[in-house]
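One structure is given below, encoded as structure tokens.
Residue numbers (this note's numbering), protein chains in the order written: chain A, 1028 to 1126; chain B, 2 to 119; chain C, 581 to 1116; chain D, 368 to 1036.
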């Protein structure tokens, strides 16, 4: 199959993720969308690895997975901390820092 | 052509058989008590009809987060497994170091009390 | 085949412990410090954890110096240990050690737990070390994430202060978008060239005539954005002021100096090694970004009353100056960038140390009012701040002047004379806000702290004593300044802080010293610039 | 230890003194600040002497020693180094500067004692000496410019030393502005030369000049004229001289040190130091000679009509520096520098004596109020007479030998230089007249009230602090004249300083007597070995004529002054009445201030008014303020408005940025 299709799907996923980050207000959903963006990168990497027939892309993708998990965990931890402080769980309400 | 899918077929069959077997055995051997929650679509210990504004306990998130981390770290063992013959003893040392680091994290998490359900 | 396998089994891969030693020192230190954080007694945690963190930084510093003049690829070509990596490493490790000193009495490290706090600082520094040594897109990405993820947490370590949490989450969300962009760009470059190794990418571009390949160019574009984001280059800077203001000040210091050094380090390495053959296509874009950055940073800083925000915008502008050294992709440019990074470390350390000290002394937070009248009341703090401001503005006889001179010289020699002019104009505009700080210190009367000092350790406007209701600060009075930054449980404002004042003085003195005798830093920068072998 | 090591030490001591006094000015007890300052300069002088000895041990051909402490930004393509050049010229200058400075510090220990800014004064004074020594020891243009600018700054600080006094601060600003004009000239001139030679180093420049510049090369002449602008501003030559009389607002030791003995001679030094450039550009050198000659005559005439003691001496300084500038411009290097040295002795002495006199008058400086101090202040009187005779060029005092030598060399150049020669002797006559006018008016005649009281042992004090320039009472919270002050008659340190200088003024001329010895000539020769004009003395007849005419004019001047102001006291008024126009011209200093005002200040103000009333309202307010300030302000507001605090908004901007950058890159493919 043509590499173009893989790329198209991955670009679509990336855009869905970006759109989600832009439109959703719940930080948990935003984290999900970030995950989508990273996984779009993963898809592209694996597709290219297949195309070039070497394993570098796969290794890269594996590391990205772990990194993505770490990011999500940190994000969740922050959300928990914010929740504990009884602050609103809504990114639009978090705008004390501005100007 | 078919031949190459044979293992998958066998795998599916085995999965179905084992699953069915356990379900039947459970039904035969387990105690039977009729509780309202048992009739819920998802029987996993949580009330399925959630009030608006309901939140999961913090500990739930904590454990979930830790699970994700420890779970995903294992992915690093896969490349070692692929190349284990080429690396020989070095792969073993490498794995041990990796596990020790995970153990450090585990000790830390444990000692900080993150695993205690509050 | 079998012979090769047998050989591998017998010997195993070769590991260059020397080359890895700075990173190992940092990571080993992180593990040890993390476990020390479990010790039962608070004082033990505080003293031993920070002490061991300092030891780890010292060890890393020693290893870096030990490896000086090395030029080798380690870990199967994933990392490269050369003078560029080592020079930036020196900056990073110094910044880390300074952060430990500044955090010594900070509220943040107490709230988050000393072990965790210092371990995270160490891990982040290790990530930066990996980043500047990266010789492979995989280690590049790993380094970026290893430096960012601990920083997300560190920003949020003042758990009782909502801006701190807010800054952490903001940084995380925006930072992850940046990381995802970078990753996608790296994937595309891999797709276009078939390799993740910098040298292989370079030779693929050079030989394959890829210079106008859309896949490669899109990839480069996304990488530019990702790295610009990390080094807070406008228009990808918007997280910077918010996060700098919200984060605990020692962490702001760390971000300002170390993150910038690491990001510029990888900018140099990735663009001047891997993408050097495509220079014609990326240099104008970077030059444009540098210009936007200089304009936005300097203009944005003009109206700020928060010192941390002011320094954040100043950091945006300085990122623009620094980028000029990357744009030209010559050894002179790399040299100028590394030199300015070292100078940047000194100037910002001096400025931020003073901000930290005044935050704890006055309870006015980082507002410019906190330094008013400093010249009369605390000349030992006012001088480093004055020097830092003058040096940031590029007044002669300070290191900042020499640094800017090199950058301008490099851009002029590299065919970007107009960028040098932009730097000059930007510096002139920047005088307006830097001198405002200087004027506030020397020409205004100090804030009257005497009355509140006697009555309560916190100023009355803070909305009551934080001891009584720790949850109340932040939520009830969002406009209130972050009432003091005393150690946990410490009721009184900090008086004398020898380590902070000492740091400020040392950094200020070094700024002046290198302004008059720049040759040691020039030698360092020259070695770093010469290690980029592809340039002339 | 080589000569250059001592050269560095010469710089080190005043710098250390500055730092110590600057940091400790609040806490130094009693007169310790004064003694520390004096000791620093004395140590510097001692090092200068050792430096001289070390230099003399070298072979005459190898007496140009360069020493570099460190390289400053050599990589930038310019050889900017912190280096000093120790050669006979520099050594002579450091000897004069540090020697005179040490004595003036000594004098100030007492003189300024009653001032509240005592330690501050010595800190500034040490800083000045450091800057001046840096200037004369400079081994390249960069260090020269730094020293040049430092000297200007120190001069500003010292002129406005009594910062509560508006006339003093205004004079300080005036001096600073004119000095900055000179600095700009110096920097631009350096640029013109650097452009061709590619080096900042003096020795390398001198070696390169014959190869890269043709004779009277356009750029070289432009560069040299610009350097002359720097020299004129620092040395108070027409038309950049107006700051010097105003600078007398500073404390008297400052006038003695900076505005008579050292700083104002920097222009002379500059021309001597850069003589290979000027010899290659004779057109520029001629400009220097003419301006110097003009200044010496004009200043001497103005001095005739001034009534402020210090201003008379200030104009005399201008006049004498005119001689020196003329001398070094026509190639009389040794003579010019010789005159620089002797002038430093007698002019510092005159200022010190004037300071003592002003002390006795409790701060009053007007000659109209003085008189008859001869008996009350015998020591000051003696000092004044010695200095005055030296200034007037009466043998065997020092000024006689040095002034005549300048004129001799000028005459030997022939051609139109004869005009300069004659003008120089006319100036010499005027010099003698105004000098002795000063002496006779202050010390002879009827004793004024202060003088008689002093004879009875009571030193006058002002009832209220007042400004000697305007006579107004004022809030001189910070300084002199305080309730307690010193005069030379009663204070050993002041007497010592003046005594040493008086001896110097008497005998310093003996080192170079025509036909007898040529100490200065021989000593300076290594610095001017490459000069074509050095030592071309041929005409013995001219020498004899010069000596005789010089002596005669000096004595005649004294006699004229004696006749006008002592034997027939009404003469002066009669002359004034007869020559009202001339008198008014001289009292108003040839209307130079007004001329400058008309030429530069008035058009500026005029244009400013035009700009304010029409231009600004239309163009600036509408376009530029709405343009520049407004743009910046609007930009600042825009940046801050964009910083809305919304995370999603930031992400949006990020995505737009990504799109923009990607688009740019894709357009290239």
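Using N, Cα and C, we set each Cβ at its ideal position, and we do this for glycine too.
One thing to note: residue 767(C) has its Cβ within 8 Å of the Cβ of residue 1068(A). Put simply, the CB of residue 1093(A) is near chain B, with a gap under 8 Å to one of its CB atoms. Within the segment 871 to 900 of chain C, those residues whose Cβ lies closer than 7 Å to any Cβ of chain D are, in chain order, 876, 879, 880, 882 and 883. The beta carbon of residue 61(B) sits no closer than 8 Å to any beta carbon of chain A. Under DSSP, the beta-bridge partners assigned to residue 660(C) are 653(C).
In the DSSP assignment, residue 680(D) falls within the unbroken alpha helix (DSSP H) covering 676 to 697. The Cβ atoms of residue 929(C) and residue 678(C) lie closer than 8 Å to each other.
With contact defined as three or more Cβ pairs closer than 8 Å, the segment 985 to 992 of chain C and the segment 903 to 913 of chain C are in contact. For residue 672(C), the closest Cβ of chain B is not nearer than 8 Å. Annotation: the continuous alpha helix (DSSP H) that includes residue 60(B) extends over 59 to 74. Of 645(C), 769(C), 714(C) and 663(C), the smallest CA-CA separation from residue 654(C) is found for 714(C). Taking the beta carbon of residue 733(C) as reference, the chain A residues within 7 Å of it are 1101, listed in sequence order. In this structure the segment 699 to 713 of chain C lies against the segment 723 to 731 of chain C, because at least three pairs of beta carbons, one per stretch, are closer than 8 Å.
No Cβ-Cβ contact shorter than 8 Å links residue 598(D) with residue 753(D). Interface annotation for the segment 1008 to 1025 of chain D against chain A: 1010, 1011, 1012, 1013, 1014, 1015, 1018, 1019 and 1022, criterion Cβ-Cβ distance under 8 Å. Boundaries for residue 618(C): no beta strand (DSSP E) harbours it, and the DSSP string shows neither H nor E there.
Bounds of the beta strand (DSSP E) holding residue 451(D) are 448 to 453. Where residue 608(D) is concerned, there is no enclosing alpha helix (DSSP H), because DSSP gives it neither an H nor an E.
Taking 8 Å as the cut-off, the beta carbon of residue 504(D) is found no closer than this to the beta carbon of residue 617(D). Taken through DSSP and simplified to helix, strand or coil, residue 729(D) comes out as coil. Taking a cut-off of 8 Å for Cβ pairs, the segment 845 to 858 of chain C and the segment 873 to 880 of chain C do not touch, as fewer than three such pairs fall below it. Counting every other CB atom within 10 Å of its CB across the protein chains shown gives residue 33(B) a total below 16, marking it as exposed.
Its Cα nearest to that of residue 369(D), the residue 453(D) stands out among 402(D), 398(D), 453(D) and 388(D). Rounded to the nearest whole angstrom, the CA to CA distance from residue 751(C) to residue 823(C) is 6 Å.
For chain A, the residues of the segment 70 to 89 of chain B that bring a beta carbon within less than 9 Å of one of its beta carbons are 70, 72, 73, 74, 76, 77, 79, 80 and 83, in chain order.
The closest CA to that of residue 732(C), considering only 1075(A), 1102(A) and 1085(A), is found on 1102(A). Taken in chain order, the whole alpha helix (DSSP H) runs of length 4 or more contained in the segment 730 to 786 of chain C are 742 to 773. Sorting 774(D), 819(D) and 922(D) by C-alpha distance to the C-alpha of residue 757(D) places 922(D) at the top. Using a 10 angstroms sphere on the CB of residue 834(C), the tally of other CB atoms reaches 16 or more, which defines it as buried. For residue 708(C), the enclosing alpha helix (DSSP H) covers residues 694 to 713.
Taking a cut-off of 8 Å on C-beta distances, the segment 532 to 542 of chain D does not touch the segment 413 to 428 of chain D, as fewer than three cross pairs fall below it. The C-beta distance from residue 790(D) to residue 912(D) rounds to 16 Å, too long to meet the 8 Å contact threshold. Under the three-state reduction of DSSP output, residue 535(D) falls in the helix class. Closer than 8 Å at the C-beta level to chain D, one finds these residues of the segment 769 to 803 of chain C: 792, 793, 794, 797, 798, 800, 801 and 802. If the five residues before and after residue 636(C) are omitted, its C-beta is found closer than 8 Å to the C-beta atoms of 605, 606, 608, 609, 610, 612, 613 and 702, all from its own chain and listed in chain order.
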